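Numbering (my numbering), first residue to last: 16 to 369. Working notes, beginning with the structure itself.
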């Protein structure tokens, strides 16, 4: 079995820090692309998974699913990429590619279960590792179907988080047809929320940042928000009831959704993309009396993710980032948990060499 030697950072248990780790990537098959990873974003999901906060994590564990880099090798059946191309890899590296969802370009909803970039059973194999290992590393081998083109005009490091934070917010905005003439609320200003503001603004919507923090409200205006609604201001929330065409809820923890549902017009929808834990309060009244809806959305399929990247290329949209060296990743994790980053850490993989 031929393999490619790789180096990165991994954690060996739920309670230990990320440390240097040597491992193997598979030698490229005819349909594979090998990418030298230049930058990798730090998603809060990386932290939840590394610390086994969602359960099921197997160790050693290499996080990272916001990957950008340069193609260094391609299989003889690869048609979309050549050596030297800029390329990205997001949250998915495989799916069944034959179910209804996959055939519709919605691989994130694969009926047989997608393969995540890290922490999933590696159904392709070719290495000694049972589970997929992520982008906190110097290289990765991925089937070309799951590799994306990065617009050349975008800052490469700041484009990395588009592969998760970007598509997580773009997909619901596009699916629910957000655009000109609509009043759209983005709830919460973090890694997801700041991208929601930028994308909704570029789509032509009237964007309102809904936050508990006046300081974050001012930041949101710099990012493209037209208004700020402070959710702790009961009078302001009351005055805004029945006025929103769409809400994108990026709050990452369980919370009472009723005050936000009351903001929606009749027949309007709030989409939850942040909380993957139980919502603390959900009353039927806001739904029934205004025929409102609450829905969820998970990243995006490969066609839509490429569409999002192209959209960002046209509008010159990237994430607001803070660059970190690989050796400082554990400090970056602690700061992310505290909310001490505007708005996404990105690892400079050149720092692995030092």
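Backbone N, C-alpha and C fix where the C-beta goes; we use that ideal spot for every residue, glycine too. Since this is a predicted model, take the numbers as computed values, not measurements.
Taking 6 Å as the limit between beta carbons, can you name the residues of its chain near residue 226, skipping five residues before and five after? 204 and 232
Rounded C-beta distance between residue 24 and residue 151? I'm assuming under 8 Å. Cβ-Cβ separation between residue 24 and residue 151: approximately 5 Å, consistent with a contact (criterion under 8 Å).
Residue 372 versus residue 76: straight-line alpha-carbon distance, rounded: No answer is possible for residue 372: the residues shown for the chain start at 16 and end at 369.
Strand pairing of residue 198, partner residues [DSSP]: 221
Between which two residues does the alpha helix (DSSP H) containing residue 307 stretch? Counting along the chain, residue 307 falls outside any alpha helix (DSSP H), and DSSP gives it neither H nor E.
Rounded to the nearest angstrom, what separates residue 94 and residue 35 at their Cα positions? 34 Å
Starting from residue 348 and walking both ways along the beta strand (DSSP E), at which residues does that stretch end? Residue 348 -> not in any beta strand (DSSP E); alpha helix (DSSP H) instead, spanning 344-352.
Is it buried or exposed, residue 296, if we count other Cβ atoms within 10 angstroms and call 16 or more buried? exposed
Checking 9 Å against the spacing of the C-beta atoms, do residue 340 and residue 314 come in under that value? Not closer than 9 Å, so no.
I'd like to know whether the C-beta of residue 197 is nearer than 9 Å to at least one C-beta of chain C. This model lacks chain C altogether, as it is built from one protein chain only.
What do you get for residue 20, buried or exposed, if any count of 16 or more other CB atoms within 10 angstroms of its CB means buried? exposed
Would residue 257 be called buried (16 or more neighbouring beta carbons within 10 Å of its own) or exposed? exposed
My guess is that residue 107 and residue 130 are in contact by the Cβ rule of under 8 Å, so how many angstroms apart are they, rounded? 7 Å
Residues sharing a beta bridge with residue 89, DSSP: 48
Touching or not, the stretch 79-91 and the stretch 187-197, by the rule of three or more beta carbon pairs under 8 Å? no
Three-state secondary structure assigned by DSSP to residue 97: Three-state result, residue 97: coil.
Taking the straight line between their C-alpha atoms, what separation do you get for residue 38 and residue 155? 11 Å
Counting pairs of beta carbons, one from the stretch 323-338 and one from the stretch 288-307, are three or more of them closer than 8 Å? no
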